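*Asks:* From first to last, the protein sequence lines are chains A and B. This note's numbering puts the first residue of the first sequence at 834, with every later residue one more than the last. This note's numbering puts the first residue of the second sequence at 41, with every later residue one more than the last. Where a beta carbon is used, it is the ideal one built from N, C-alpha and C, also for glycine. Since we're looking at a predicted model, the values are computed, not measured.
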Amino acid sequence: DTEVTQTPKHLVMGMTNKKSLKCEQHMGHRAMYWYKQKAKKPPELMFVYSYEKLSINESVPSRFSPECPNSSLLNLHLHALQPEDSALYLCASSQETGPYGYTFGSGTRLTVV
Amino acid sequence: QKEVEQDPGPLSVPEGAIVSLNCTYSNSAFQYFMWYRQYSRKGPELLMYTYSSGNKEDGRFTAQVDKSSKYISLFIRDSQPSDSATYLCAMIPPRGSASKIIFGSGTRLSIRP
Chain A
834 DTEVTQTPKH LVMGMTNKKS LKCEQHMGHR AMYWYKQKAK KPPELMFVYS
884 YEKLSINESV PSRFSPECPN SSLLNLHLHA LQPEDSALYL CASSQETGPY
934 GYTFGSGTRL TVV
Chain B
41 QKEVEQDPGP LSVPEGAIVS LNCTYSNSAF QYFMWYRQYS RKGPELLMYT
91 YSSGNKEDGR FTAQVDKSSK YISLFIRDSQ PSDSATYLCA MIPPRGSASK
141 IIFGSGTRLS IRP
């Protein structure tokens, strides 16, 4: 299995809702990432987990809360989002946080109304 | 000055043409270079990964790195309509951590049948 699977593919949520994005990989990768991508822009790093521990938080607002329950799963909990948070949220994994390329999932397209 | 510069395009070429996509970078210490392909509404897919100066070939794709000029290229031979996508160059900065991959802004490529 050489894939990163993200669910749901699309999500529409109100500004008072709580929702979660899920990401799963079975490649034995020990580093997992959340990225945010706006239209016609490159991905922007949000969080990095290395060996199930949060190692990097790129000053992301607290309305985004990551969680890594085990080495294969990564969640992003969303609460009280703003319309400007609408974007494609990408999960990625890599062998470790060394000089490795990523495997990206297909993303969750989030719309905040 | 951005660390990685990439012409956003769009670039439109006829089917069968040779395509040249380029990035320049400012930090001479970069060691690892990648090209990702991203179809509309999908996550980026790793195409090529190179470590040193020179050429690396994979089917119709050739990645070229010129560290003396701080310039990398991706060539696509016999281009097909299925190659229409956004191509992102990416680099790993010194200390070689995948958590700090720097992406170019992406070039939108369209192959006309």
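1) Would you say N67 (chain B) and P153 (chain B) are within 8 angstroms of each other, going by their C-beta atoms?
2) Taking only beta-carbon positions, decide if F70 (chain B) is within less than 8 angstroms of chain A.
3) Pull the bridge partners of Q858 (chain A) from the DSSP assignment, please.
4) Would you call the stretch 907-915 of chain A and the stretch 851-863 of chain A in contact, with 3 or more CB pairs under 8 angstroms?
5) Quick one: is G83 (chain B) buried, meaning 16 or more other Cβ sit within 10 Å of its Cβ, or exposed?
6) Hey, is A131 (chain B)'s beta-carbon within less than 8 angstroms of any beta-carbon in chain A?
7) How would you write the range of the beta strand (DSSP E) that E900 (chain A) sits in, first residue to last?
8) In chain B, what lies closer than 8 angstroms to T840 (chain A) by C-beta?
9) Anything in chain A within Cβ reach of S145 (chain B), meaning under 9 angstroms, just list it in chain order.
10) Counting only Cβ-Cβ distances shorter than 9 angstroms, please list the residues of the stretch 916-940 of chain A near chain B, keeping chain order.
11) Can the beta-carbon of Y868 (chain A) be found closer than 8 angstroms to that of L923 (chain A)?
12) Pairs of beta-carbons, one from the stretch 98-114 of chain B and one from the stretch 69-78 of chain B, closer than 8 angstroms: are there three or more?
13) Excluding the five sequence neighbours on either side, which residues of its own chain have a C-beta within less than 7 angstroms of the C-beta of Q120 (chain B), listed in chain order?
14) Taking Cβ positions only, does V881 (chain A) come closer than 8 angstroms to chain B?
15) Give the C-beta separation of S927 (chain A) and Y933 (chain A) to the nearest angstrom, bearing in mind that I take them to be a contact with Cβ-Cβ under 8 angstroms.
16) On a Cα-Cα basis, can you pick out the residue from B:Y89, B:K110, B:K107, B:S139 that is closest to F101 (chain B)?
17) At 3 residues or longer, what runs of the beta strand (DSSP E) sit wholly inside the stretch 48-97 of chain B?
18) What residues of chain B sit near S888 (chain A), judged by a beta carbon separation below 8 angstroms?
19) Excluding the five sequence neighbours on either side, which residues of its own chain have a C-beta within less than 7 angstroms of the C-beta of A920 (chain A), listed in chain order?
20) Opposite D106 (chain B) in the DSSP bridges: which residues?
21) Please check the pair S139 (chain B) and A864 (chain A), which I expect to be a contact at CB under 8 angstroms, by giving their CB distance rounded to whole angstroms.
*Replies:* So, from the data block:
1) no
2) no
3) A:V837
4) yes
5) buried
6) Strictly speaking, residue 131 (chain B) in this sequence is Met, with Ala absent from that position. By this cut-off, M131 (chain B) is not an interface position.
7) 897-903
8) The premise fails here: T840 (chain A) is roughly 13 angstroms from chain B at the closest Cβ pair, so nothing lies under 8 angstroms.
9) K873, K874, P875
10) L921, L923, C924, A925, S927, Q928, E929, T930, G931, P932, Y933, G934, Y935, T936, F937, G938, S939, G940
11) yes
12) yes
13) E55, I151
14) yes
15) 4 angstroms
16) B:Y89
17) 51-54, 59-65, 72-78, 85-90
18) S139
19) K869, Q870, K871, L943
20) B:Y111
21) 7 angstroms
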